[in-house]
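Trainee: Quick one: structure below, then a few questions.
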Amino acid sequence: MPSLARYLRHLEATASWLRRSVVRGRGGSAAYFSPLVGWSRPYPETTGYLIPTLLNMEEWLPGRELRLAAIRLGEWLLSIQRSEGAWSGGLYPPRGEGRPSVFNTAQIIKGVVSLYRATGEHRWAESAGMAATWLAEGVSGDGEWRGTDYRSCVTPSYYAHAAWPMLEAWDICGDESVRQAAERVLRMVLSRRQEDGSFRAWAFEPDKPPFTHTIAYTLRGLLESARLLEDWETYGEPVVPALEFFLRRAEFTGGRLPGAYRAGWQPVRGFTCLTGNVQVALCLLIWEQRVGDLRIVNAAAKLVDYVCSTQWLRAPIAGLRGAVAGSVPLWGPYIRFRYPNWAAKYHCDALMMLIRRIGSALER
Amino acid sequence: MRRIDDADPAHRLGTGEVGMRVALTAGFDRAPNVLALAELLRRDGHVIAGILVVTPYRLRRLRSLVRQRGKAVVVESVRRLVGLRPRGSRADPIDIFLRRHDIAFRSIRKWCGAHGVSYLTVFDLNAPAAIAWLGAAAPDVVVYGGGGILGTPFLEAAGRRVLNAHSGRMPEIRGMNACEWSLLLGVPLTVTIHYIDEGIDTGAMVERISLLEEPGDTIERLRGKCIVAGIEGLRRAVGSLQTGTAERAVGADSHRQCYVMAPVIRELLQARMRRKASKGRGEL
């Protein structure tokens, strides 16, 4: 099937770009490549959630030592974990002493948990447990982080994507207080769900429209929590109207979603947030695992196809070859003029999930 | 399916002695389904009140098509516009049907000219000019043969009597590439004759026609079979309106809509069909 071969070619090129981000990452994975200033400093947050992607890719791209790269990234993360269990926000090294970050710590947990699952070594579980305990201790009775996060006011709804890794840590460590804290966060997020399926406060900034990136963070956080808690009714079902919306939008736009949405699903036109595009594709594919409807896969494929169409696989500059831009056009407001490692990470995740799904449908 | 009640305007139409006034729509001038319908309805004694043809020569339409179906649509569209059938369809059921009924015309414009039938090209069926034309034509029923989604003003101007042949089993299969989705989702291949309402293939059904998949059938051939079954079904539906025997079933809006297949999904279907053909048995 030509499309599957094409997907594999894109997966290979994007994986190679991620490997370059690790080589240039000074221990971690460089946050982004900029055609103007080159590779950035490493980003602990996205280095963390890049680890499960590298581990998964080992199966698809053997002989590239992706597993070894994942372990080395994990070791680097352990070396910079703070004594209280958290990780600092922003790029590394931080300016000054750095401040512990709730969201970034949660994303890194995904990396160490996946390393524990892959190797069985307890150092990863210990690291995840410490981080999750620190996160849980900061959650208030009404499910928000106050005082422990760089955001002193409202905890954004996309922090559902922080509750999910807490549940991953609970899954391997069994600390009930972590599970309870994560559920409080999820309930807080669900309380912000609106009639049209959108959520209040799911943007980076309270007064700005959310990028599809943070929208998908919110949806994915709830979907994965539903899986871990085995409670679709409470955590998965409320996400379905938003997924139905994105399914239709993916079809109507030929896979090129507007990059952000105002209240009432009003699109902010003029750019596409490529990370959000493939993150939404992943959410659709996760939902499809439950309902088993190839029409959903169809929409996800269009979202992935569009991102593939923006990649330059034969670029003469290594930092551009196989990279995924923040925005299309490149000067769009999301990660302007840069190629972030998390866009490449989600693109690889979506490609692998799509190839696997088509493969299983072929066997049927 | 339920009987049309007496309040339904469709039920009161026609006496069985005088033909219906039928208007048709088409997505382009060489649409073979519309040519066949116009000619056969005329032969059945109905009056063709006119044909509305959407001109394909519009950048916006082309852009929207490319966005929906990819760049390959341009090549296929050009082939269709010049009257060529899609690739790999030598034994095209539509061509066979046209030959069987001695329908030699290949242009709706020429057919209208030959039979003194009003012909109007528009950019959009919902344009005021199209709706005014429809009002003046005063058809008893409109037979939809393509041209895009119909809005409320068009449906109102047509007295909500717009018949369509949908190449999928309603209510399960709604939307685009219905024949392909039926095959992929394992829904029996069916053409549904129905009234168009504001939803996408949600209107009241008149008839469901089952089709058989035969050895050697390709996707294109099955699509052609669906179109032929749709022509015959629409012809029957107009006839049954005239005799007052048409029935309507409730519509459908609870099933997920189908859209144009992404390349990888189309290839999946093709792979399954190849496998099925090689095995020569079983379901997809």
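These protein sequences, in sequence, are chains F and H.
Those letters in the first sequence? Residues 14 to 377, per my numbering, in order.
Those letters in the second sequence? Residues 1220 to 1503, per my numbering, in order.
No residue lacks a Cβ here, since even glycine has one placed at the ideal position from N, Cα and C.
Nothing here was measured: the structure is a model prediction, and the numbers come from that model.
Rounded to the nearest angstrom, how far is the Cβ of Ala229(F) from that of Cys296(F), given a contact under 8 Å?
Mentor: For the purposes of this step, residue 229(F) is identified with residue 216 of the first sequence, where counting begins at 1. For the purposes of this step, residue 296(F) is identified with residue 283 of the first sequence, where counting begins at 1. Going by Cβ atoms, the distance from Ala229(F) to Cys296(F) rounds to 6 Å, so yes, they are a contact pair.
Trainee: Put Ile1267(H) into one of helix, strand or coil per three-state DSSP.
Mentor: Working through the second sequence from its first residue, we reach residue 1267(H) at position 48. Note: Ile1267(H) maps to strand in three-state DSSP.
Trainee: Taking only the alpha-carbon atoms, compute the straight-line gap between Leu21(F) and Glu1486(H) and give it to the nearest angstrom.
Mentor: Numbered from its first residue, the first sequence carries residue 21(F) at position 8. Numbered from its first residue, the second sequence carries residue 1486(H) at position 267. When rounded, the distance between both Cα atoms is 15 Å.
Trainee: Along the segment 1444–1463 of chain H, where does the CB come closer than 9 Å to a CB of chain F? Name the residues.
Mentor: If the cut-off is 9 Å between Cβ atoms, the segment 1444–1463 of chain H has nothing near chain F.
Trainee: Are there three or more Cβ pairs, one per stretch, closer than 8 Å when the segment 1413–1428 of chain H is compared with the segment 1446–1461 of chain H?
Mentor: Yes, the segment 1413–1428 of chain H is in contact with the segment 1446–1461 of chain H.
Trainee: I think Ala44(F) touches Pro353(F), with their Cβ atoms under 8 Å apart; what is that distance to the nearest whole Å?
Mentor: As a working mapping, residue 44(F) is identified with position 31 in the first sequence. As a working mapping, residue 353(F) is identified with position 340 in the first sequence. Right, the Cβ-Cβ distance comes to about 6 Å (below 8 Å), so this counts as a contact.
Trainee: Is the distance from the Cβ of Thr60(F) to the Cβ of Ser34(F) below 7 Å?
Mentor: Position 47 of the first sequence, counting from 1, holds the residue named residue 60(F). Position 21 of the first sequence, counting from 1, holds the residue named residue 34(F). Not closer than 7 Å, so no.
Trainee: Which class does His1413(H) belong to by DSSP, given the choice of helix, strand or coil?
Mentor: Counting from 1 along the second sequence, the entry for residue 1413(H) is found at position 194. His1413(H): strand per DSSP, three-state reduction.
Trainee: Please determine, among Ser114(F), Arg377(F), Gly267(F) and Leu148(F), the residue with the shortest C-alpha to C-alpha distance to Gly1405(H).
Mentor: Within the second sequence, residue 1405(H) is the residue found at index 186, counting from 1. Gly1405(H) has its Cα closest to that of Arg377(F), out of Ser114(F), Arg377(F), Gly267(F) and Leu148(F).
Trainee: Output the distance between the C-alpha atoms of Leu128(F) and Trp355(F), rounded to the nearest integer angstrom.
Mentor: For the purposes of this step, residue 128(F) is taken as residue 115 along the first sequence, with counting starting at 1. For the purposes of this step, residue 355(F) is taken as residue 342 along the first sequence, with counting starting at 1. C-alpha separation (whole angstroms): 18 Å.
Trainee: How about Met14(F): is its C-beta nearer than 7 Å to some C-beta of chain H?
Mentor: Counting from 1 along the first sequence, the entry for residue 14(F) is found at position 1. Closer than 7 Å to some Cβ of chain H, the Cβ of Met14(F) qualifies, so yes.
Trainee: May I ask you to check if the CB of Val1273(H) is nearer than 6 Å to at least one heavy atom of the ligand NAD?
Mentor: Here there are no bound small molecules, and the ligand NAD is not part of this structure.
Trainee: Is Met366(F) helix, strand or coil when you go by DSSP?
Mentor: Counting from 1 along the first sequence, the entry for residue 366(F) is found at position 353. Three-state result, Met366(F): helix.
Trainee: Once you ignore the five residues that flank Val167(F) on each side, which residues in its own chain have a CB closer than 8 Å to its CB?
Mentor: Start at 1 with the first residue of the first sequence, and residue 167(F) comes out as number 154. Cβ within range, chain order: Glu157, Ala214 and Pro219.
Trainee: Inspect the beta-carbon positions of Thr118(F) and Tyr171(F) and report whether they are closer than 7 Å.
Mentor: Within the first sequence, numbered from 1, the residue matching residue 118(F) stands at position 105. Within the first sequence, numbered from 1, the residue matching residue 171(F) stands at position 158. Their beta carbons are not under 7 Å apart, which means Thr118(F) does not touch Tyr171(F) by this criterion.
Trainee: Find the residues of chain H that neighbour Ala374(F), judging by a C-beta separation of less than 8 Å, and give them in chain order.
Mentor: By 1-based counting over the first sequence, the position of residue 374(F) is 361. Ordered by position in chain H, the residues that pass the 8 Å Cβ test against Ala374(F) are Leu1487.
Trainee: Note down, in chain order, all residues in the segment 1402–1413 of chain H with a beta-carbon under 8 Å from any beta-carbon belonging to chain F.
Mentor: Result list: Leu1403 and Leu1404.
Trainee: Taking only beta-carbon atoms, is Ile1270(H) less than 7 Å away from chain F?
Mentor: Counting from 1 along the second sequence, the entry for residue 1270(H) is found at position 51. No, because no Cβ of chain F sits closer than 7 Å to the Cβ of Ile1270(H).
Trainee: Under 7 Å between the Cβ atoms of Glu1399(H) and Met1492(H)?
Mentor: For the purposes of this step, residue 1399(H) is identified with residue 180 of the second sequence, where counting begins at 1. For the purposes of this step, residue 1492(H) is identified with residue 273 of the second sequence, where counting begins at 1. It is not a contact, given that the beta carbons lie outside the stated cut-off.
Trainee: With distance defined between alpha-carbon atoms, name the residue in Leu1403(H), Leu1431(H), Arg1261(H) and Leu1408(H) nearest to Arg1494(H).
Mentor: In the second sequence, the residue the question calls residue 1494(H) occupies position 275. Answer by Cα proximity: Leu1403(H).
Trainee: Looking at the structure shown, is Met1395(H) part of a helix, part of a strand, or coil, going by DSSP?
Mentor: Here the question's residue 1395(H) lines up with position 176 in the second sequence. Met1395(H): coil per DSSP, three-state reduction.
Trainee: Rounded to the nearest angstrom, what separates Ala314(F) and Gly124(F) at their Cα positions?
Mentor: Here residue 314(F) refers to the residue found at position 301 of the first sequence. Here residue 124(F) refers to the residue found at position 111 of the first sequence. Rounded to the nearest angstrom, the two C-alpha atoms are 26 Å apart.
Trainee: Thinking just about the alpha-carbon of each residue, which of Pro1372(H), Met1389(H), Leu1430(H) and Arg1388(H) is nearest to the one in Val1381(H)?
Mentor: Mapped onto the second sequence, residue 1381(H) falls at position 162. Looking at the Cα atoms, Pro1372(H) is the closest of the given residues.
Trainee: With C-beta atoms as the reference, is Tyr359(F) less than 7 Å away from Gln292(F)?
Mentor: Locating residue 359(F) in the first sequence gives position 346, where the first residue counts as 1. Locating residue 292(F) in the first sequence gives position 279, where the first residue counts as 1. In this structure, Gln292(F) lies closer than 7 Å to Tyr359(F) by Cβ.
Trainee: Can you tell me whether Gly1246(H) is helix, strand or coil according to DSSP?
Mentor: In the second sequence, counting from the first residue as 1, residue 1246(H) sits at position 27. The answer is coil: DSSP assigns Gly1246(H) none of H, G, I, E or B.
Trainee: Assuming Leu364(F) contacts Val317(F) under a Cβ cut-off of 8 Å, what Cβ separation, rounded to an integer in Å, is found between them?
Mentor: As a working mapping, residue 364(F) is identified with position 351 in the first sequence. As a working mapping, residue 317(F) is identified with position 304 in the first sequence. Indeed they touch by this definition, with Cβ atoms about 6 Å apart.
Trainee: When you check each C-beta in the segment 279–312 of chain F against every C-beta of chain H, which residues fall closer than 7 Å?
Mentor: Per Cβ criterion, the list reads Asp306, Leu307, Arg308, Val310 and Asn311.
Trainee: Measuring only the C-alpha atoms, how far is Arg240(F) from Pro48(F)?
Mentor: For the purposes of this step, residue 240(F) is taken as the residue at position 227 of the first sequence. For the purposes of this step, residue 48(F) is taken as the residue at position 35 of the first sequence. When rounded, the distance between both Cα atoms is 40 Å.
Trainee: Helix, strand or coil: how does DSSP classify Tyr352(F) here?
Mentor: Your numbering for residue 352(F) matches position 339 in the first sequence. Of the three classes helix, strand and coil, the one that applies to Tyr352(F) here is strand, per DSSP.
Trainee: For Ala1255(H) versus Ile1450(H), is the C-beta spacing smaller than 7 Å?
Mentor: For the purposes of this step, residue 1255(H) is identified with residue 36 of the second sequence, where counting begins at 1. For the purposes of this step, residue 1450(H) is identified with residue 231 of the second sequence, where counting begins at 1. Contact flag set, yes.
Trainee: Throw me the rounded Cβ distance for the Pro223(F) and Ala273(F) pair, which I believe falls under 8 Å.
Mentor: Taking the first residue of the first sequence as 1, we reach residue 223(F) at position 210. Taking the first residue of the first sequence as 1, we reach residue 273(F) at position 260. Contact holds; Cβ gap of about 6 Å.
Trainee: Tell me whether Ile309(F) is buried or exposed, calling it buried when 16 or more other Cβ atoms sit within 10 Å of its Cβ.
Mentor: Here residue 309(F) refers to the residue found at position 296 when the first sequence is read from its first residue. Buried, because 16 or more other Cβ atoms sit within 10 Å of the Cβ of Ile309(F).
Trainee: In three-state DSSP terms, what is Pro1407(H)?
Mentor: On the second sequence, position 188 is the one that residue 1407(H) refers to. Pro1407(H) falls in the coil class under three-state DSSP.
Trainee: Of all Cβ atoms in chain H, is any one closer than 7 Å to the Cβ of Glu250(F)?
Mentor: By 1-based counting over the first sequence, the position of residue 250(F) is 237. Answer no: the Cβ-Cβ gap between Glu250(F) and chain H never drops below 7 Å.
Trainee: In chain order, which continuous runs of the beta strand (DSSP E) of length 3 or greater are located wholly inside the segment 1416–1470 of chain H?
Mentor: Listed in chain order, they are 1424–1429.
Trainee: Nearest to Leu232(F) by CA position, among Phe116(F), Glu110(F), Arg275(F) and Val202(F), is which residue?
Mentor: Counting from one through the first sequence, the residue named residue 232(F) turns up at place 219. Considering only alpha carbons, the answer is Val202(F).
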